[in-house]
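Accompanying notes for the structure given below.
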Amino acid sequence: MSPTITEVAVHDIRFPTSERLDGSDAMHPDPDYSAAYVVLRTDAPDGLEGHGFCFTIGRGNEVAAAAIRALRPHVEGRAVDSVVGDLGGFHRRLTRDSQLRWLGPDKGVTHMAAGALTNAVWDLAAKQAGLPVWEFLAAMPPEQIVDLVDFRYVTDALDREQALDILRAAVPGRAARVAELKASGYPAYTTSPGWLGYSDEKLVKLAQQAVADGFGQIKLKIGADLADDVRRMRLAREAVGPGIRIAVDANQRWDVSDALGWMSALAPYDPYWIEEPTSPDDILAHAAVRAGQPVKVATGEHVANRVVFKQLLQAGAVDFVQIDAARVAGVNENIAILLLAARFGVPVCPHAGGVGLCELVQHLAMFDYAAVSGSLDGRVIEYVDHLHEHFTDPVVIEGGRYRAPTAPGFSARMRPESLAAHRYPDGPVWRARSATAKEAN
Ligand SMILES: [Mg+2]
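Per our numbering, the very first residue in the sequence shown carries number 594; after that it's consecutive.
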């Protein structure tokens, strides 16, 4: 008899990261990293659970939590075997809810909520299989992997047969690449030095530390003030030397003309890519930025779905695809995006950071290498050294590389004491803050 998913418990979890300007950029100067966090409880004798979340930066996390609750009828009361045995069908039922889709479709809070639940179900399925998600996926035959994907709206660029061709071509090297990942991990870059709110001294010190720690690439937040950015870019280049890549990230701050002017001014310091130069919805503007200045273009952390990624690729608008584990509708949609990127021969360099995004996305990048692209060329996963201590299976970085996770599941589980302390608005961390704010007034 299959166990049943008896409860979908949803938590509003927030960390007061704005206090230290960690995570500050040109558009988001004061983020409080947050998770609309979901636990799927079952009546399995071994206490099997699935954990997942979507990431927000504070206000509105309650809206994401409400959207997850609105999807509960698709999950609660279902037999675990019926969900785990049809992960593609489960995912499509979430994203195609005939009434909730009016709030999207395939975008925004309801889509992120579908992602949180999809990711929680993958955590549950991989735990049941006794494997980390990346290895669980990398062990599936190509025919099973394409069943996970919703090909609606993308077949003009990638159909089921073309996806099968990509996956089948990667089968012969899979075992060797899985062994290689277990032995030496996956390359990372770090954004820790480059937050916009940090002083020049802190930027230089952390940039030097990143090189000493073995990273071959760092990233700077830019886009608020050109003179400041030229100075920060010069300081960073002096700190790391010519052999280390420095990517820059405008977090959607510009129109096309701003992007062209800004990047021309920074070009003497050899930026590696310009990330999110403009609106994440604007495919043609990304193409214009790519055509109009010499630096490569990356985007994706705010790209709503596989349909927009398809168009970015069709338009030749990006040099790097930056998937995010919790922006689109979870593992299944990210597999569609990995396959689209492979079809167009564009490397995937995942977005991470926030809270828990490194933990999740490492699984998708490792699956990509093992079973989809089969390549590490030009590929790096973002790494940010924040908030990992709240997870029971935190990422491990060694010599500038992600070590392959070995624990069964999606590395998504937060420590119970962290959940209790950071519950919003009534956990002790937030109660103490509101008491301090009242005293100050
Ligand atoms: Mg970014």
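Backbone N, C-alpha and C fix where the C-beta goes; we use that ideal spot for every residue, glycine too.
Notebook entry, point to check: The beta strand (DSSP E) spanning residue 770 covers which residue range?
Noted result: Residue range 767-777 is occupied by the alpha helix (DSSP H) that includes residue 770, with no beta strand (DSSP E) assigned at that position.
Check: For the putative contact between residue 764 and residue 735, defined by C-beta atoms under 8 Å, what is the C-beta separation to the nearest angstrom?
Finding: Going by Cβ atoms, the distance from residue 764 to residue 735 rounds to 7 Å, so yes, they are a contact pair.
Check: Residues bridged to residue 645 by DSSP?
Finding: DSSP lists 631 as partners of residue 645.
Margin query: Contact between the stretch 603-622 and the stretch 956-967 is defined here as three or more beta-carbon pairs at a separation below 8 Å; is this criterion met?
Written below: No, the stretch 603-622 does not touch the stretch 956-967.
Check: Does the Cβ of residue 1031 have 16 or more other Cβ atoms within 10 Å, making it buried, or fewer, making it exposed?
Finding: Answer is exposed; the Cβ neighbour count stays below 16.
Note to self: What residue range does the beta strand (DSSP E) around residue 864 cover?
What the structure shows: The continuous beta strand (DSSP E) containing residue 864 extends over residues 864-868.
Check: What three-state label does DSSP hand residue 962 in the structure shown?
Finding: If DSSP states are grouped into helix, strand and coil, residue 962 belongs with the helices.
Next item on the list: Please confirm whether residue 936 and residue 755 have their CB atoms less than 8 Å apart.
Entry: In this structure, residue 755 lies closer than 8 Å to residue 936 by Cβ.
Notebook entry, point to check: Under a Cβ-count criterion, where at least 16 other Cβ atoms within 10 Å of its own Cβ denotes burial, should residue 721 be classed as buried or exposed?
Noted result: Buried is the label assigned to residue 721, since at least 16 other Cβ atoms lie within 10 Å of its Cβ.
Notebook entry, point to check: Looking at residue 873 and residue 895, is the spacing between their C-beta atoms short of 8 Å?
Noted result: In this structure, residue 895 lies near residue 873, with their beta-carbon atoms less than 8 Å apart.
Checklist line | Any non-hydrogen atom of ligand 1 closer than 7 Å to residue 944 Cβ | finding: Yes, the Cβ of residue 944 comes within 7 Å of a heavy atom of ligand 1.
Next item on the list: Please report the Cβ distance between residue 846 and residue 619, rounded to the nearest whole angstrom; I am assuming they are in contact, meaning their Cβ atoms lie under 8 Å.
Entry: For residue 846 against residue 619, the beta-carbon gap comes to about 4 Å, under 8 Å, which counts as contact.
Next item on the list: Could you say which of 810, 786, 1024, 957 lies nearest to residue 993 if we only look at CA atoms?
Entry: Nearest to residue 993 by C-alpha distance, out of 810, 786, 1024, 957, is 810.
Item checked: Within 8 Å, strictly: CB atoms of residue 978 and residue 1004 -> Taking C-beta atoms as the reference points, residue 978 and residue 1004 fail to come closer than 8 Å.
Notebook entry, point to check: The beta strand (DSSP E) spanning residue 794 covers which residue range?
Noted result: The continuous stretches of beta strand (DSSP E) do not include residue 794, which lies in the alpha helix (DSSP H) extending over residues 793-805.
Note to self: So the candidates are 787, 904, 945; which of them puts its Cα closest to the Cα of residue 930?
What the structure shows: Residue 904 is the option with its Cα nearest to residue 930.
Item checked: Nearest-angstrom Cα separation, counted from residue 1024 out to residue 848 -> C-alpha separation (whole angstroms): 41 Å.
Next item on the list: Could I get the ranges of all uninterrupted alpha helix (DSSP H) runs contained in the stretch 664-703, with 4 residues as the minimum, in chain order?
Entry: Taking 4 residues as the minimum length, the alpha helix (DSSP H) runs contained wholly in the stretch 664-703 are 673-677, 680-688, in order along the chain.
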